[in-house]
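In what follows, a structure is listed as structure tokens, so that the remarks can point back to it.
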Amino acid sequence: MPPITTFSNDGLTFDVVDSGPADGEPIVLLHGFPQRASSWDRVAPLLHEQGYRTVAPDQRGYSPGARPKGRKAYSLTHLAGDASALIDVIGKPAHIVGHDWGAAAAWATAAAYPDKVTSLTAVSVGHPMAFVGSMGTSNQLLRSWYMAFFQLPGVPEKILASKSGPAGKAMASMGMTPEMIERFRHEIVAAGALRGGLGWYRALPFSTPKTMVGKVSVPTTMVWSDDDAALGIKQAAGSAKYVDAPFDLVVVEGASHWIPDERPDELAAAILARVASASPTP
């Protein structure tokens with residue numbers, strides 16, 4: 001079977017980077033904001049070396065053919081549906097890994113489609129219910145101030161797209177390197193993906209307890225870094241409450257939010273440990 005280059009769902013077409021051994025167990029890699037599938041470029045080869053195939057889509061709002069209008073189109077239900085459709089194209093259950101918003105999508109996919117997900121590795125962002133719960137028991141609400149800012153129409157786009165504005169300094173303060181910021185300007189701003197990426201935040205007001213993610217029943221690893229300016233330990237550790245399966249918390253010391261870029265070896269090791277623990281016995 002040739003590598004997957006695109007797949008469709010909800011009338012949208014998504015670009016895909018399918019690499020590694022074609023006969024390897026599949027690992028779906030879901031990127032976060034403000035990045036695309038290229039955010040896994042340093043992690044994927046380490047998984048390939050161990051015989052795994054990686055399938056990394058440019059997700060809803062990012063792929064040129066998958067940029068719907070309207071905030072509701074970016075709800076977690078839709079994001080999980082996209083990942084489910086990709087796994088259907090792969091043709092068998094897959095391990096799923098997500099960073100940042102990709103982690104939220106991965107949690108939602110594992111909860112809604114447990115028969116399609118072999119294991120889950122969530123990076124930086126904990127279970128959505130644990131994240132919401134941490135708002136009242138830690139400083140997570142203060143850390144997440146930008147989520148309210150991103151609700152403003154048009155203003156975030158203008159500020160984030162400006163080279164002379166405060167966006168570059170803000171991203172650098174979050175741990176992004178100059179190379180990562182330049183990739184953001186090329187792959188997100190210049191490519192027209194900024195509004196779509198912000199759509200994930202703008203769909204948040206349509207999330208209610210009834211539509212939030214349920215419990216996960218597949219083996220799960222939560223990877224969190226202690227220099228993450230946006231996400232605290234409570235939402236990461238509290239995720240164990242929402243997993244009815246083996247759960248591990250891996251803390252990457254001295255790393256910022258951008259674990260796949262900054263600590264690919266440690267992240268790959270955590271992914272491989274989880275994948276091996278959940279893989280069918282030969």
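Take the sequence shown: its letter number 251 is residue 251 in the UniProt record's numbering, and every next letter is one higher.
A virtual CB, placed ideally from N, CA and C, is assigned to each residue, including glycine.
Quick caveat, the model's predicted, so the values are computed rather than measured.
8 Å Cβ cutoff, G238 in contact with chain B:
As a matter of chain content, chain B is missing from the structure shown, which is built from one protein chain.
Between which residues of its own chain and P282 is the CB-CB distance below 6 Å, once the five residues before and five after are set aside?
Here residue 282 refers to the residue found at position 282 of the sequence shown. Residue placement at P282 is flagged as unreliable, the pLDDT there being 47, under the threshold of 50; the coordinate-derived value follows with that caveat. Excluding positions up to five away in sequence, the list is empty.
How is H48 classed by DSSP in three states: helix, strand or coil?
Position 48 of the sequence shown, counting from 1, holds the residue named residue 48. Of the three classes helix, strand and coil, the one that applies to H48 here is helix, per DSSP.
Confirm the yes/no value for this check: CB of T221, any heavy atom of the ligand ZN, distance under 7 Å.
As presented, the structure is devoid of all ligands, the ligand ZN included, so that no description of it is given.
Three or more C-beta pairs below 8 Å linking the stretch 32–40 and the stretch 111–122:
no
Go ahead and pull the three-state DSSP assignment for S239.
Stepping through the sequence shown from its first residue, residue 239 is reached at position 239. DSSP places S239 in helix when its eight states are reduced to three.
Take A94 and list the residues in its own chain whose beta-carbon comes closer than 6 Å to its own, dropping the five residues that flank it on each side.
Here the question's residue 94 lines up with position 94 in the sequence shown. Cβ neighbours of A94 beyond the five flanking positions: P26, V28 and I87.
Three or more C-beta pairs closer than 8 Å, one from the stretch 214–230 and one from the stretch 181–200: is that the case here?
no
Compare the Cα-Cα distances from D58 to each of R263, P34 and S277 and report the closest residue.
Locating residue 58 in the sequence shown gives position 58, where the first residue counts as 1. It is P34.
Euclidean distance between Cα positions of A108 and L204:
Here residue 108 refers to the residue found at position 108 of the sequence shown. Here residue 204 refers to the residue found at position 204 of the sequence shown. In a straight line, the C-alpha of A108 is about 14 Å away from that of L204.
Bounding residues of the alpha helix (DSSP H) (the contiguous stretch that carries A105)
In the sequence shown, residue 105 corresponds to position 105, counting from 1. W101 to A112 is the span of the alpha helix (DSSP H), which, as asked, contains A105.
Distance between G51 and A148 (C-alpha atoms, nearest Å):
The residue you call residue 148 lines up with position 148 of the sequence shown. The residue you call residue 51 lines up with position 51 of the sequence shown. Cα to Cα, the separation comes out at about 42 Å.
In this structure, does DSSP put V43 in helix, strand or coil?
On the sequence shown, residue 43 is found 43 positions in, with the first residue counted as 1. V43 falls in the coil class under three-state DSSP.
Report all residues from its chain with a CB closer than 6 Å to the CB of G32; omit the five preceding and five following residues, and keep chain order.
Here residue 32 refers to the residue found at position 32 of the sequence shown. Hits under 6 Å: H99, D100, W101 and G102.
Could you check if G91 is buried or exposed, using at least 16 other CB atoms within 10 Å of its CB as the buried criterion?
The residue given as residue 91 occupies position 91 in the sequence shown. Exposed, by the Cβ-count rule.
Can you have a look at T5 and say buried or exposed, based on whether 16 or more other CB atoms are within 10 angstroms of its CB?
Here residue 5 corresponds to residue number 5 of the sequence shown, with the count starting at 1. Exposed is the call here.
Grouping DSSP H, G and I as helix and E and B as strand, with all else coil, what is A273?
Taking the first residue of the sequence shown as position 1, residue 273 is located at position 273. Helix.
For S63 and T118, believed in contact at Cβ under 8 Å, the rounded distance
As a working mapping, residue 118 is identified with position 118 in the sequence shown. As a working mapping, residue 63 is identified with position 63 in the sequence shown. With a Cβ gap of about 25 Å, T118 and S63 do not count as contacting.
Measure the Cβ-Cβ separation of T121 and A270 and say whether it is below 8 Å.
For the purposes of this step, residue 121 is taken as residue 121 along the sequence shown, with counting starting at 1. For the purposes of this step, residue 270 is taken as residue 270 along the sequence shown, with counting starting at 1. Yes.
Sub-8 Å separation of F184 and M171 beta-carbons
Here residue 184 refers to the residue found at position 184 of the sequence shown. Here residue 171 refers to the residue found at position 171 of the sequence shown. Yes, Cβ-Cβ distance for F184 and M171 is below 8 Å.
Backbone secondary structure at I233 - three-state DSSP:
Along the sequence shown, read from residue 1 onward, the residue named residue 233 stands at position 233. Helix.
Are there 16 or more other CB atoms within 10 angstroms of the CB of K234, so buried, or fewer, so exposed?
One-based indexing of the sequence shown puts residue 234 at position 234. By the 10 Å Cβ count, K234 comes out buried.
What are the start and end residues of the alpha helix (DSSP H) that includes V16?
Taking the first residue of the sequence shown as 1, we reach residue 16 at position 16. Looking at the DSSP string, V16 is not in any alpha helix (DSSP H); the run it does join, the beta strand (DSSP E), is L12 to S19.
Suppose you measure from the CA of T208 to the CA of H48; what does that come to, to the nearest Å?
Along the sequence shown, read from residue 1 onward, the residue named residue 208 stands at position 208. Along the sequence shown, read from residue 1 onward, the residue named residue 48 stands at position 48. Distance between the alpha carbons of T208 and H48 is about 39 Å.
Separation of P2 from G126, as counted between CA atoms:
Walking along the sequence shown from the start, residue 126 turns up at place 126. Walking along the sequence shown from the start, residue 2 turns up at place 2. Taking the straight line from one Cα to the other gives about 34 Å.
Under 8 Å: do the stretch 9–24 and the stretch 64–73 share three or more Cβ pairs, one atom per stretch?
yes
Taking all protein chains shown into account, decide if L267 is buried (16 or more other Cβ within 10 angstroms of its Cβ) or exposed.
By one-based count along the sequence shown, residue 267 stands at place 267. It is buried - the Cβ of L267 has at least 16 other Cβ atoms within 10 Å.
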